[in-house]
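Only one structure is covered here, and it is reproduced in the block below.
Residue numbers (this note's numbering): -18 to 65.
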């Protein structure tokens, strides 16, 4: 299976969307090789599909903005950033 490169949009660029699908199939093995591309996997996968679940996610890096000490004391103006 190929490697997954995690989402890393530049700060302020908006969120990257992520979709992860899990399939329940009626066979122990699909007739595909390790070199089969995702585009070519669709037909054998869907012909054996019993159920499918999809998880949707999003990731964005927020641009940090300067804040004054007074804003921090009142608990306002702080930015929240998702970091790895």
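Note that CB positions come from ideal geometry on N, CA and C, so glycine has one too.
Minimum Cα-Cα distance from residue -1 among the listed residues 43, -8, 35 corresponds to 35. The shortest C-alpha to C-alpha distance from residue 2 to any of 42, 40, 41, 30 is the one to 30. Counting only residues of its own chain and dropping the five nearest sequence neighbours on each side, residue 41 has a CB closer than 8 Å to the CB of -10, -6, -5, -4, -3, 63.
In the DSSP assignment, residue 2 falls outside any alpha helix (DSSP H) and within the unbroken beta strand (DSSP E) covering -3 to 6.
About 11 Å separates the beta carbon of residue 22 from that of residue 6, a gap too long to meet the 8 Å contact definition. In this chain, the beta strand (DSSP E) harbouring residue 31 covers 30 to 40.
Distances from the CA of residue 8 to each of 32, 45, 17, 44 were compared; the closest alpha carbon is that of 32.
In the structure shown, the three-state DSSP call for residue 24 is helix.
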